[in-house]
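Each step along the sequence shown adds one to the number in the numbering used here, with nothing skipped, and position 203 is 209.
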Amino acid sequence: MNRISFLKKSIGLAAGTSLLIQACRQDSSKKGTKGPHIIKKTKYRWKMVTTWPPDFPILGEGCKKFAQWVEEATDGALRIRVFGGGELIPPLEVFEAVSSGTAHMGSGASYYWAGRSPATQFFSTVPFGMNAQQMNGWLEVGGGMKLWKELYDGFNLIPLNAGNTGVQMGGWFNKKIDTPDDFNGLKMRMPGLGGKVLEKMGGAAVLLAGGEIFTGLERGVIDATEWIGPYHDYLMGFHKIAKYYYYPGWHEPGTTLEMIINKRHYNQLPKEIQSILQLAAVKLSQWTLASFEHKNAYYLDKIRKEAAVEILPFSREVLSVLNQRTKSVIEEVIAKDDFSKKIYDSYQSYRKQAATWGKMTEKAYYDWMIQ
Ligand code: CA
């Protein structure tokens, strides 16, 4: 290359570069944004508090993945430090800590906050309610998320749909549940609305923290416990001390998991980072449900092969009475709280349609799926 053509080329490149910069500037000013280069200028350092034990499989793991995705996508502009339950604050203080802004964000499930507002429960799970894909349908496109945002706005929080456990298992028992009367006097670890239903059946809902359940069941402090599904249940070792493993998890047919963000902290972020948080929650949602599906199927097989446990369905009679008792528990909740009524009306009309559709498709199909 001679000197003249080299200079021409260099000038051309330089002109091209400055044009590019100019174009970027014009583009940024047109959109009214500060451009992606801003992400690199301001560093945000956030704390995420969680209700899960440190490094809890899938749920705690997912929080760390979320933080990693956000850090990568923002090129380090937003770094989120994840704290397991009890590491910074007790697990059930997450809502308060994020609401007040002490922590920037948190991870949990909305039924933990029923004491703050009973209406929160409809955004996690309801006995005999919607499953994972129906919850996603209601939340993402059926009006549910709008109501969730409205409810949490009163607590300075922004909710994100951050995953789902899928249908859970009915729990571990040391006596057979043949009829509804078998719940009479039964001491079972079961939180939330399911626990209220159990009490209407004549049982006692016992609240035990995760770490106390195994010993409680082993020593007879409780007669039964629900937990999550085969994967987490296996890790807890329930198959070593219980005789019967019942299904389905009528009390938790698809528990939605949440990320909550303090509104003030969220509003201080550039739009690009806000979008990245929203998108990371969508990715987490998919990863979480996929992980539950994958691990539960594998661990159910493992329990079948390794444990001397009978895996049994609840009878139609038992499920029918549980279903009736659930209706009265929900009636009581919505009768006392207007916001709960408003949310439940939306939930219920969505459930009705989803159930008709699901019975004709998923349910009918499962009976014929090649195994
Ligand atoms: Ca559960």
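Just so you know, even glycine gets a beta-carbon here, dropped at the ideal spot from N, CA and C.
Out of the options, state which residue places its alpha-carbon closest to the alpha-carbon of residue i.
| i | options | result |
| --- | --- | --- |
| ASN162 | ALA138, THR126, HIS271 | HIS271 |
| TYR117 | ALA109, LEU295, LEU263 | LEU263 |
| LEU213 | LYS206, ALA230, MET207 | ALA230 |
| TRP233 | GLU205, PRO197, LEU204, LYS249 | PRO197 |
| TYR305 | TRP144, GLY107, TYR50, LEU241 | LEU241 |
| SER334 | PRO96, LYS152, LEU199 | LEU199 |
| ASP360 | GLY135, ALA109, ARG87 | A small correction: the amino acid at residue 360 is Ala; Asp does not occupy that position in the sequence shown. When only C-alpha atoms are compared, the closest one is GLY135. |
| MET265 | GLU78, ALA109, LYS301, ASN329 | ALA109 |
| VAL255 | LYS301, ASN268, ASN329, ASN273 | Correcting the residue type first, residue 255 is Gly in the shown sequence and not Val. Among LYS301, ASN268, ASN329, ASN273, the Cα nearest to that of GLY255 belongs to ASN329. |
| ILE64 | LYS155, ASN170, THR131 | ASN170 |
| ALA303 | ALA286, THR261, ASP239 | ASP239 |
| GLY121 | ILE336, PHE101, PRO259, ALA370 | PHE101 |
| TRP58 | GLU78, ARG85, THR80, GLU99 | GLU99 |
| MET160 | ASN180, ILE267, MET366 | The residue asked about is misnamed: residue 160 is Gly in this sequence, not Met. Among ASN180, ILE267, MET366, the Cα nearest to that of GLY160 belongs to ILE267. |
| ALA215 | ILE228, GLY208, LYS206, LEU204 | ILE228 |
| THR185 | ALA370, LYS70, VAL327 | VAL327 |
| ASP351 | PHE189, ILE336, ARG51 | ILE336 |
| ALA211 | THR56, VAL173, ASN273, HIS257 | HIS257 |
| LYS131 | TYR353, PHE62, GLY177, LYS182 | At residue 131 the sequence reads Thr, which differs from the Lys that was named. It is TYR353 whose Cα lies nearest to the Cα of THR131. |
| TYR250 | PHE179, GLY66, TRP144 | PHE179 |
| VAL173 | PRO259, TRP119, TYR158, LYS365 | PRO259 |
| GLY217 | PRO60, ILE376, ASP343 | PRO60 |
| LEU157 | ILE349, MET375, VAL147 | ILE349 |
| MET151 | ASN273, GLN284, GLY82 | GLN284 |
| ILE219 | MET375, GLY177, ASP343, TRP374 | GLY177 |
| GLY82 | ARG51, GLY66, PHE62 | ARG51 |
Under the rule that 16 or more other beta-carbon atoms within 10 Å means buried, what is residue i, buried or exposed?
| i | result |
| --- | --- |
| LYS202 | buried |
| ALA138 | buried |
| PRO165 | buried |
| MET141 | buried |
| LEU192 | buried |
| GLU368 | exposed |
| PRO96 | exposed |
| HIS300 | exposed |
| ALA168 | buried |
| TYR372 | exposed |
| VAL288 | exposed |
| ILE10 | In this predicted model, ILE10 has a pLDDT of only 45, less than 50, meaning its place in the structure is not dependable; the value taken from the coordinates is given anyway. By the 10 Å Cβ count, ILE10 comes out exposed. |
| GLU316 | exposed |
| ARG357 | buried |
| ALA370 | exposed |
| SER106 | exposed |
| TRP363 | exposed |
| ALA1 | What the structure shows of the chain is the stretch from 7 to 377, and residue 1 is not part of that stretch, so it cannot be assessed. |
| VAL55 | buried |
| SER355 | exposed |
| TRP119 | buried |
| TRP144 | buried |
| GLY208 | exposed |
| VAL339 | buried |
| ILE376 | exposed |
Write down the C-beta distance between residue i and residue j rounded to the nearest angstrom, noting that I regard them as a contact closer than 8 Å.
| i | j | result |
| --- | --- | --- |
| ALA103 | GLY90 | That pair is no contact at about 14 Å. |
| LEU295 | GLY68 | Contact flag wrong, Cβ pair sits at about 10 Å. |
| MET194 | GLY235 | Actually they do not touch by this definition, with Cβ atoms about 17 Å apart. |
| LYS49 | ARG87 | At roughly 13 Å, the Cβ-Cβ gap does not stay under 8 Å, so LYS49 and ARG87 are not in contact. |
| TYR237 | LEU318 | Not quite, the Cβ-Cβ distance comes to about 19 Å (not below 8 Å), so this is no contact. |
| TRP75 | ALA286 | 5 Å |
| PRO133 | THR332 | 4 Å |
| ILE282 | ALA115 | Not really, about 23 Å apart at Cβ, beyond 8 Å. |
| LEU84 | GLU77 | 7 Å |
| LYS47 | TRP293 | Contact flag wrong, Cβ pair sits at about 30 Å. |
| SER123 | PHE345 | 7 Å |
>> Between the segment 277 to 296 and the segment 217 to 230, can you find at least three pairs of beta-carbon atoms closer than 8 Å?
In response: no
> In chain order, what residues have a CB nearer than 6 Å to some heavy atom of ligand 1?
Replying inline: GLN174, GLU232, TRP233, ILE234, GLU258
>> Using a Cβ distance threshold of 8 Å, determine whether the segment 316 to 325 contacts the segment 113 to 132, with at least three qualifying pairs required.
In response: no
> With contact counted as at least three CB pairs below 8 Å, one residue from each stretch, are the segment 235 to 250 and the segment 299 to 318 in contact?
Replying inline: yes
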